[in-house]
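Below is one structure, written out as structure tokens, with a few remarks after it.
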Amino acid sequence: MKILVCITHVPDTTSRIAFTDGDTKFDSNGVQYIIGPYDDYAVARAVELKESQGATITVVNVGRVETEPTIRKALAIGADDAIRINAEPEDSYFVAKQIANVAKDSGYDLILMGRESIDFNGGVVHGIVGELLEIPSVSSVMKLDIDGNVAKIAREIEGGKEYIELEMPFVAGCQEPIAEWKIPNMRGIMTARSKPLNVVDPVDTDHLDKLVRFELPPPKGDIKMIDPEHMEELVSLLKNEAKVL
Amino acid sequence: MESTTNTRKVPYKKSSKQDIFESPDFYKIDDLLSEEHLMIRESIRDFVKKEISPYIEDWAENNHFPLHIVKLFGEIGAFGPFIPEKYGGQGMDYISYGLIMQEIERGDSGMRSTASVQGSLVMYPIYTFGSEDQKNKYLPKLASGEMLGCFGLTESDFGSDPGGMKTHFEDKGDHYLLNGTKMWISNSPDADIAVVWAKNESGRMKGLIVERGMEGFTAPVIHGKWSLRASSTGELVFDNVKIPKENLLPGKDGLGAPMMCLDSARYGIAWGTIGAAMDCYDAAKRYALERIQFDKPIASFQLTQKKLAEMLTEITKGQLLNWRLGTLMDQGKATSAQISMAKRNSVEVALNVAREARQIHGGMGITNEYPIMRHMMNLESVLTYEGTHDIHLLILGHEITGIPAFK
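From first to last, the protein sequence lines stand for chains E and A. Residues 1 to 245, numbered by my numbering, are exactly what the first sequence covers, in order. Residues 1001 to 1407, numbered by my numbering, are exactly what the second sequence covers, in order.
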């Protein structure tokens, strides 16, 4: 089985978010980067499938050279080789087009990724990749088992779960609890250095949209403490100031 | 022998508090580390947050050594990372080893002691002084955590003066006969093997590998410790134990051999204790920013800021000393006296930081809601094990003046 896992290189979930250049660019100053947490589940499940039934795992990332430590981590966790498509991941269509270009004619049985990245949270790359390759795509996949050529999947739907079966190849957007995140061990880190990390140029792609600007949510207001003896004051504030009653 | 410390039947109590530790890096020392070093540090930090932090207060409170951690340390690769791959190690450099020790001790000094002893005091001598058969027989199992080891040098009457040891063995033709008692041995009650230093008939010190189950060999637990409570400590008692001749370490003899092991372990301690200091500092900084007195965070008071500023200064100096020592170790240039300076400095820094952090936490600092008091009590052992604070000072004095003051 050949598995392609697509990973994003995103700010750590505890990062402080700020923008520069007239709110058009993310300020990466002092930000720590990680594998996208949902992508990390996809990597973990791919490694489990490799361990249980044998597979080769390729990780792919659309990004500049600074994403390589993130890619190396995926290699340390258990991927066999990696491809970095040397371009800024500008928008979902651009990224999907790059992934589809790498994946076409490469014979991947499974293309796994997170259900969404946690920086721009588009959540559509898996769908677009499926369309471009003319294969099915499913998301948000919580459980993935492979039996022969058939995948048994549980996906989250509004208010419940849906159980489906489909034949490989297909694209899956993954989320918890598909697998437990894996911590690379020292052996994995030492072997990652000698695993191939191939850098390829991007294909020309139209941009279907244009970024205008970003806006942060308004800062949280101050907390007003009210004496429990004065509930009428709370009611008055909720009515007249917060206007929620 | 049955395990003597791991008799607990109740499940571990998992803390509801999340470990949100972040390490200070005031002088951008991360820039001195390779991409691989950073990944090693992050992996061990994640491992500690997952496997140690949620349970450590419960283990320490109940004086419980969690034997399962040995296998987990093996899986993550924390045992003897500097040992070559062909013997089950990772072939890592000494900066990597230091970072691993730093992160484990950030979790707990007792946990780090378990890993230090296995790597530096058991695997290191077998690798450095052992025969090829000994290396093949023991090192892979020690690296994977299938076996736990301990190191027997100290005796109840011979701590700083190990050369006076009474433990001895006689050549009986087809075997050696070992007699004596070792004291203050980390891991001993649960260890599968012990690397024991004993004198032969002519008074020459040699290393022997003693295996659990050999007749006449016992390892009683030392009870009543207020320090390193999540680590097991015991004695090694040898009552006419027959040791096969192939269990003698052939590579080196004399006091210099165990001292080489101690250098490796002390190097790990230098890094480890700065880890403990960083944990105390991180906790104190958070607490100072959250704790309100006189309508403002106590971090706004000058005396709290003084404490935090001094803590960070000392930690930063310790980090730089350790990093430089690591590069010297990797170049094969580090001296025992340099290692003494780093071990001694780091433990002192860590204890002082723990004490200041305790003050910032006020009463909460003495409870197991915070890691401070546990670190502080642990560090009191670390201050005098693997060479006492005073002995390291005198090693430096000897180095400076050329005159030994403790012989």
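Backbone N, C-alpha and C define an ideal beta-carbon position, used for all residues, glycine too. Small disclaimer: the values here were computed from a predicted structure and weren't measured.
Residue contact check for A/Gln1090 against chain E: a CB pair falls below 7 Å. Between the C-alpha atoms of A/Val1237 and A/His1175 there is a straight-line separation of about 18 Å.
Within chain A, the residues Met1039 have their CB atoms less than 7 Å from the CB of E/Ala76, given in chain order. Considering only beta carbons, the part of the segment 1059-1076 of chain A lying closer than 8 Å to chain E consists of Glu1075 and Ile1076, in chain order. Between the segment 1071-1090 of chain A and the segment 1245-1253 of chain A, the count of C-beta pairs closer than 8 Å stays below three; the two stretches do not touch. When beta bridges are read from the DSSP output, A/Cys1150 appears opposite A/Ala1194. Two segments are said to touch when three or more pairs of C-beta atoms, one from each, lie closer than 8 Å; by this definition the segment 1298-1310 of chain A does not touch the segment 1328-1340 of chain A. When the five nearest sequence neighbours on each side are left out, the beta carbons in the same chain lying within less than 7 Å of the beta carbon of A/Ser1053 are those of Asp1019 and Gly1107, in order along the chain.
As a beta-bridge residue in DSSP terms, E/Asn61 pairs with E/Arg84. Per DSSP, reduced to three states, the secondary structure at E/Met231 is helical. Our two residues, E/Leu234 and E/Asp222, have alpha carbons roughly 15 Å apart in a direct line.
A direct Cα-to-Cα measurement between A/Arg1229 and E/Tyr163 gives close to 49 Å. At a cut-off of 7 Å, the C-beta of E/Asn61 has no neighbouring C-beta in chain A. In terms of CA proximity to A/Asn1240, A/Phe1169 leads the group A/Ser1015, A/Tyr1087 and A/Phe1169. In the three-state DSSP reduction, A/Trp1184 falls in the strand class (E or B). Around A/Glu1314, the same chain offers Val1349 as residues with beta carbons nearer than 6 Å, after the five sequence neighbours per side are excluded. Taking C-beta separations shorter than 6 Å and ignoring five residues to either side along the sequence, the partners of E/Ala76 in its chain run Pro184, Gly188, Ile189 and Ala192, following chain order. Between the segment 1334-1345 of chain A and the segment 1363-1377 of chain A, the count of Cβ pairs shorter than 8 Å is below three; the stretches do not touch. Boundaries of the alpha helix (DSSP H) harbouring A/Asn1136: Glu1132 to Ser1144, taken from the DSSP string.
Close to A/Glu1132, with beta-carbon spacing below 8 Å, lies no residue of chain E; the smallest spacing is near 23 Å. CA-CA distance, A/Leu1289 to A/Ala1354, rounds to 17 Å. Excluding the 5 residues flanking it on each side, A/Asp1192 has same chain C-beta neighbours closer than 6 Å at Met1147, Leu1148 and Arg1212, in chain order. Rounded to whole angstroms, A/Ile1104 and A/Ser1120 show a C-alpha spacing of 15 Å. The closest CA to that of E/His9, considering only E/Ala154, E/Gly36 and E/Pro217, is found on E/Gly36. Against chain E, the CB of A/Glu1246 has no partner CB under 7 Å away; the residue lies outside that interface. With contacts defined as CB atoms closer than 7 Å, E/Ile178 and E/Leu144 qualify as a contacting pair. The beta carbon of A/Met1092 sits closer than 7 Å to those of Pro1081 and Phe1082, all from its chain and outside the five residues before and after it, given in chain order. With the rule of 3 Cβ pairs closer than 8 Å, the segment 1039-1056 of chain A does not count as touching the segment 1202-1209 of chain A. Fully enclosed alpha helix (DSSP H) runs of no fewer than 4 residues occupy 125-133 of the segment 106-153 of chain E, in order along the chain. Where A/Lys1242 is concerned, the enclosing beta strand (DSSP E) starts and stops at Thr1233 to Pro1244. With a beta-carbon spacing of about 4 Å, E/Pro202 and E/Ala87 fall inside the 8 Å limit used to define contacts. Between the beta-carbon of E/Thr58 and that of E/Arg84 there is about 11 Å, and that puts the pair past the 8 Å contact cut. With respect to the 7 Å criterion, A/Glu1386 and A/Ala1265 are classified as neighbours on the basis of their beta carbons.
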